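In what follows, a single structure is set out as structure tokens and then discussed.
Numbering (my numbering), first residue to last: 291 to 391.
Here it is as structure tokens:
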């Protein structure tokens, strides 16, 4: 058997405010859609929260540069919730010191 040249990205999600909801994670291979549009992601995963931390595994990815977004979807509506000013009320994290601006 020839080994796959593909790899795995492991994302450790820590600092969750509660065990409610799910963790939604997306990995991007280009700037298209990052970080606002999960439709631009090459892979998306939903993880159950059963501990204070969640590990997300993006497996079998070809070699390359990637960016990751993570959303703690506490209300389980499948999207980023914001207040009246547009500030996120769900927990949110991004790789590479990205900003929402």
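Even for Gly, the Cβ is constructed at its ideal location relative to N, Cα and C.
Predicted, not measured: the structure shown is a model, and the values here were computed from it.
Counted within 10 angstroms of its Cβ, other Cβ atoms place residue i as buried (16 or more) or exposed
i: residue 359; result: buried
i: residue 329; result: exposed
i: residue 344; result: buried
i: residue 300; result: exposed
Residue i in three-state terms, based on DSSP
i: residue 295; result: coil
i: residue 305; result: coil
i: residue 419; result: Past the boundaries of the shown model lies residue 419; the chain is included only from 291 to 391, so the question cannot be answered.
i: residue 383; result: strand
Closest Cα partner of residue i within the set the options
i: residue 346; options: 340, 364 and 335; result: 335
i: residue 298; options: 386, 381, 311 and 349; result: 349
i: residue 333; options: 357, 311 and 340; result: 357
i: residue 369; options: 353, 354, 326 and 307; result: 326
i: residue 296; options: 365, 379, 343 and 355; result: 355
i: residue 319; options: 339, 353, 371 and 383; result: 353
Beta-carbon proximity of residue i to residue j, cut-off 8 Å
i: residue 351; j: residue 314; result: no
i: residue 331; j: residue 321; result: no
i: residue 342; j: residue 306; result: yes
Spatial neighbours of residue i in its chain, beta-carbon cut-off 7 Å, leaving aside the 5 residues before and after
i: residue 373; result: 379
i: residue 363; result: 311, 312, 314 and 380
i: residue 302; result: 343 and 345
Sequence-distant residues of its chain with Cβ nearer than 6 Å to residue i (five each side left out)
i: residue 383; result: 360
Contact set for residue i: own chain, Cβ-Cβ below 8 Å, skip 5 residues either direction
i: residue 304; result: 342 and 343
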